[in-house]
Amino acid sequence: MWRGNIESMAQNERSLINASGINLSGRRGLNLAAIMGRRKGFVCMLAGTLAVCLLWYFLARAINRSLILPDFLVTMKTFFTGWFDKKVMSNLGITLVRVFTGCVYAVAIGLPLGLLMGSSRTALVALSPYVNSIRQVPIMAWVPLSIIWFGLGDGPTIFMIAMSAVFPILINTISGVMNIDLNYKNAARCMGAGTWQVLRDVVVPGALPSFLTGCRLALGGAWMSVICAEFIATSKGFGYIMVEAQVRMNTPLLYALMIMSALVGFAMDKSIVLLEHSLTGWRYKDGAADR
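This note's numbering numbers the first residue of the sequence shown as 2 and each following residue consecutively.
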């Protein structure tokens with residue numbers, strides 16, 4: 002009932018705007034400026050990439066020590082063939098499964114806890130000292146304890162992924178809930194909404210942008226932490242084959258794997274951005290929050 006009242010009010014407002022004859026043609030100019038900005042940014046990105054490649058090419062030839070800086074063309078050949086290497090792709094798949102598993106655990110813990118702490122002052126005061134203390138522990142400091150708890154294999158890596166991902170989600174969710182205007186909650190209650198309805202229809206949608214920002218930060222942190230964890234606590238995974246390349250002094254392969262890691266992380270980040278655009282498209286209208 003109360004949601005129907007809100008929809009009716011929104012429809013009346015749209016009718017008033019249309020009847021008033023307000024000129025909204027400025028949106029086209031904003032959209033055109035956003036498109037031009039993207040094109041300029043893309044051109045600058047290509048120019049920067051070309052400059053880095055040329056610098057690498059000539060610097061490697063000048064140094065002439067492949068152990069420090071391998072030849073650019075050799076590294077690029079290793080990089081492109083790596084995408085078709087069964088060993089590289091299987092270990093990359095293992096690492097991606099670990100990352101997404103750890104992030105699922107992080108969301109399962111961080112989202113409800115963030116909603117609770119953001120909605121309840123008592124919970125915020127009671128739990129903040131523990132949250133702020135635990136999140137200060139460096140992620141690599143958890144390695145010995147995680148190995149004792151879970152042994153070698155997937156357990157320690159997934160645990161460290163979850164530990165590195167849960168706090169960005171938790172803190173951003175708390176911030177999103179606390180930044181919701183109280184007038185929205187009061188309006189919903191005045192129209193007959195109960196506590197669970199306010200949570201479902203006001204709090205969760207209102208905190209969604211901040212939650213997705215937390216997911217974006219969490220996924221980046223998870224990707225970095227899993228590579229570090231696989232250096233130590235496992236015998237397979239993308240980080241592990243990077244250690245193998247280092248032990249064998251195969252620096253072209255090591256550099257190629259690092260570039261692949263950067264591109265995979267970039268792709269995951271962009272996937273969260275696309276999801277953010279899809280779920281909170283109202284933030285990006287007229288270039289208001291375009292990125």
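Backbone N, C-alpha and C fix where the C-beta goes; we use that ideal spot for every residue, glycine too. All figures in this text were calculated on a predicted structure; none of them were measured in a lab.
Query	Result
Helix, strand or coil at Lys237 according to DSSP, with G and I counted as helix	coil
Bounding residues of the alpha helix (DSSP H) (the contiguous stretch that carries Asp270)	252-280
First and last residue of the uninterrupted alpha helix (DSSP H) at Arg99	87-120
Proximity of Gly111 and Leu171 at Cβ, strictly below 7 Å	yes
Collapsed DSSP secondary structure at Val126 in the structure displayed	helix
First through last residue of the alpha helix (DSSP H) which encompasses Arg190	183-191
Contact belief for Ile162 with Ser226 at Cβ below 8 Å, rounded distance in angstroms	6 Å
Assigned secondary structure, Ser67 (DSSP; H/G/I helix, E/B strand, else coil)	coil
Per-residue DSSP class, three states only, for Glu14	Caution is warranted here: a pLDDT of 47 is assigned to Glu14, below 50, making its placement in the model unreliable, and no coordinate value can be reported.
Cut-off 6 Å between Cβ atoms - residues of its own chain near Ile181, not counting five sequence neighbours on either side	Gly207
Top-ranked residue by Cα proximity to Pro319, from Arg201, Leu183, Ala107	No statement about residue 319 is possible, as the shown extent of the chain runs from 2 to 292 and does not include it.
From Leu276, Ala63, Leu114, Gly266, residue whose alpha carbon lies closest to that of Thr214	Leu276
Short Cβ contact (7 Å threshold) for Leu55 with Ile64	no
Among Gly193, Leu183, Met192, Ile228, the one whose alpha carbon lies nearest that of Pro157	Ile228
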